[in-house]
Amino acid sequence: MLEFLSTLHWGAVLQIVAIDILLGGDNAVVIALACRNLPANQRLRGVIWGTAGAILLRIVLIAFAVALLDVPFLKFAGGVLLLWIGIKLMAPAGDAHDDIKPADKLWAAVKTIVIADAVMSLDNVIAIAGAAERADPGHRLALVIFGLVVSVPIIVWGSTLVLKMLDRFPVVVTLGAGLLGWIAGGLMVNDPAGDRWPLLDTPAAIYGASVAGALFVVAAGYALRKRRGASGASGSP
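The numbers in the numbering used here rise by one with no breaks, and the one at position 233 of the sequence shown is 234.
So, in structure tokens, the structure goes:
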């Protein structure tokens, strides 16, 4: 166990935990919505079993994503998607939970949680796969599992605290979006298709692309938020 911990890329672990907390708020809401009509003595079991099923499915999805990152142009495409995810984090649109129906049976609630989490977790999968890409290839899946195990209790049992913190300190959302942009920039410049240009595989190029990605996400997120705020104000009576 100590040997495993000593081989972990702790920077990537911290990124995975931060990403899962920032992008996992919606998943915590899904869990609450799906379980709210269960009998009181079944709610905890619904949360535990639903979360366990969602974690297992997410690990499978991330394992595929990590393996596919070695295919040319997929890192670049994943980076572009991650840029958009970061922008959406800063300027969310509407309520995404209107179609989550409460269940009055335990396994129906578990099924709702697992299916909804799979549909909503594309952002988590891409972002976590991008963060794990920095680690040694032999340790990537173990690192992902470790990061998820650490962050899931925070999401499930600490989601209220996290959401209050995000409401009280909006800068945390900006920092999280910038982190996604940072990962996206590094991911795009590290695409195997760029191996023909050795200059891209230098610390300066990777750092520059990461900074550019972070700045782009923050700037675009602010612009989109301002635009939506202006359109909302003009549309209100």
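Backbone N, C-alpha and C fix where the C-beta goes; we use that ideal spot for every residue, glycine too.
Residue i classed as buried or exposed, judged by whether at least 16 other C-beta atoms fall within 10 angstroms
i      : result
Ile17  : buried
Ala185 : buried
Leu115 : Checking the sequence, you will find Val at residue 115 rather than Leu. Its Cβ being crowded by 16 or more others within 10 Å, Val115 is buried.
Val218 : buried
Asp21  : buried
Val81  : exposed
Lys106 : exposed
Ala68  : exposed
Leu45  : exposed
Arg169 : exposed
Ala178 : buried
Arg141 : buried
Ile32  : buried
Ala41  : exposed
Ala66  : buried
Ala220 : exposed
Contact under 8 Å by Cβ, residue i with residue j
i      : j      : result
Ala110 : Gly187 : no
Ala13  : Ala206 : no
Asp71  : Pro193 : yes
Arg226 : Met91  : yes
Val126 : Leu62  : yes
Leu216 : Ala19  : no
Presumed contact (8 Å Cβ cut-off) between residue i and residue j, rounded CB distance
i      : j      : result
Ala53  : Thr113 : With 8 Å as the limit, Ala53 and Thr113 do not qualify as a contact, their Cβ atoms being about 14 Å apart.
Ile129 : Val145 : 6 Å
Gly214 : Gly182 : 4 Å
Leu201 : Val212 : Not quite, the Cβ-Cβ distance comes to about 15 Å (not below 8 Å), so this is no contact.
Gly1   : Gly222 : Residue numbering for the chain in the displayed model covers 2 to 238; residue 1 lies beyond these limits and cannot be assessed.
Near the ligand NAP: residue i beta-carbon under 7 Å from a heavy atom
i      : result
Trp183 : In the structure on display, the ligand NAP does not appear, and there are no ligands present to speak of.
Segment contact flag, the region 56 to 71 with the region 171 to 179, C-beta cutoff 8 Å, min 3 pairs:
no
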